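**Q** Using full-length UniProt numbering, the final residue of the sequence shown is 143, and nothing's skipped along the way.
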Amino acid sequence: MSADPITELEAELVDLWRRGRIQSRERARAIHPKLDPACYPLLMILARGDAVPMSTLVAKLGVEKSTLTRQIDAVVRLGLVERSPDPQDARARLVALTDPGRVQVAEVRESAIASWRERLSRWDPEDVRQLTTLLRRLADCTN
């Protein structure tokens with residue numbers, strides 16, 4: 001173990017990201033066996049609400065427009081997502097989960113939350129809140 005807390009943080013984050021990629025791959029396969037795990041974050045953003053403009057998705061996912069277009073094409077072919085015209089801008093498109101896509105994503109998300117509840121069941125709820133606050137703070141300073 002290093003005496004430098006930033007070095008330790010970097011090592012823990014790299015390990016956390018590695019585990020997160022593994023979980024994303026497993027959860028993507030649970031949604032649909034042919035779902036590319038790279039599309040999992042896209043579906044999680046779409047699960048938080050209604051239709052989202054592609055420009056918002058590009059910003060949130062930090063990908064190029066062409067990459068996002070390929071990802072959306074892939075999940076449209078799987079029947080998980082649909083595109084529609086943006087009523088605010090005729091040139092823009094909105095992206096949303098289909099009804100079957102929303103069901104699939106919700107089932108996997110509920111399973112993931114149940115798994116987290118089990119893993120953290122012995123934690124003090126205030127510690128979970130503090131971890132959440134610190135993760136948000138870390139995310140805010142890395143943008």
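Quick reminder that beta carbons are idealized off the backbone N, C-alpha and C, glycines included. As the structure is a prediction and not an experimental result, all values here were calculated from the model.
Specify, as a first and last residue, the run of the beta strand (DSSP E) that residue 84 falls within.
**A** Counted from its first residue, the sequence shown places residue 84 at position 84. Here the beta strand (DSSP E) through residue 84 covers 81 to 86.
**Q** Can you tell me which of the three DSSP states residue 89 falls into?
**A** As a working mapping, residue 89 is identified with position 89 in the sequence shown. Residue 89: strand per DSSP, three-state reduction.
**Q** For residue 141, report the span of its alpha helix (DSSP H) as first-last.
**A** Walking along the sequence shown from the start, residue 141 turns up at place 141. Judged by DSSP secondary structure, residue 141 falls within the alpha helix (DSSP H) whose first and last residues are 125 to 141.
**Q** Report, in whole angstroms, the separation of the C-beta atoms of residue 94 and residue 52, which I expect to be a contact under 8 Å.
**A** Counting from 1 along the sequence shown, the entry for residue 94 is found at position 94. Counting from 1 along the sequence shown, the entry for residue 52 is found at position 52. So it is a contact: roughly 7 Å between Cβ atoms.
**Q** Looking at C-alpha atoms only, which residue of 140, 135, 141 is the closest neighbour of residue 12?
**A** For the purposes of this step, residue 12 is identified with residue 12 of the sequence shown, where counting begins at 1. The shortest Cα separation from residue 12 among 140, 135, 141 belongs to 135.
**Q** Determine the direct distance from the alpha carbon of residue 104 to that of residue 130, and round the result to whole angstroms.
**A** For the purposes of this step, residue 130 is taken as the residue at position 130 of the sequence shown. For the purposes of this step, residue 104 is taken as the residue at position 104 of the sequence shown. Rounded to whole angstroms, residue 130 to residue 104 spans 30 Å at the Cα level.
**Q** Scan the stretch 30 to 56 and note each continuous alpha helix (DSSP H) run of 4 residues or more that stays entirely inside, going in chain order.
**A** 40 to 47
**Q** According to DSSP, is residue 95 part of a helix, a strand, or is it coil?
**A** The count along the sequence shown starts at 1 and reaches residue 95 at position 95. Strand, per DSSP.
**Q** What does the Cβ neighbour count give for residue 6, buried or exposed, with the cut at 16 atoms within 10 Å?
**A** As a working note, residue 6 is residue 6 in the sequence shown. For residue 6, the number of other beta carbons within 10 angstroms of its own is below 16, and it is reported as exposed.
**Q** Which stretch, first to last residue, makes up the alpha helix (DSSP H) that contains residue 74?
**A** Counting from one through the sequence shown, the residue named residue 74 turns up at place 74. 65 to 77 is the extent of the alpha helix (DSSP H) around residue 74.
**Q** Return the residue from the list 55, 78, 22 that minimises the CA-CA distance to residue 98.
**A** Within the sequence shown, residue 98 is the residue found at index 98, counting from 1. Checked all of 55, 78, 22; the closest Cα to residue 98 is 78.
**Q** Using a threshold of 8 Å, state whether the C-beta atoms of residue 80 and residue 43 are closer than that.
**A** Position 80 of the sequence shown holds residue 80. Position 43 of the sequence shown holds residue 43. Yes.
**Q** Taking 8 Å as the threshold (C-beta atoms), are residue 47 and residue 109 in contact?
**A** Along the sequence shown, one-based indexing puts residue 109 at 109. Along the sequence shown, one-based indexing puts residue 47 at 47. Taking 8 Å as the Cβ cut-off, residue 109 and residue 47 qualify as a contacting pair.
**Q** Could you have a look at residue 13 and say whether DSSP puts it in helix, strand or coil?
**A** Locating residue 13 in the sequence shown gives position 13, where the first residue counts as 1. Residue 13: helix per DSSP, three-state reduction.
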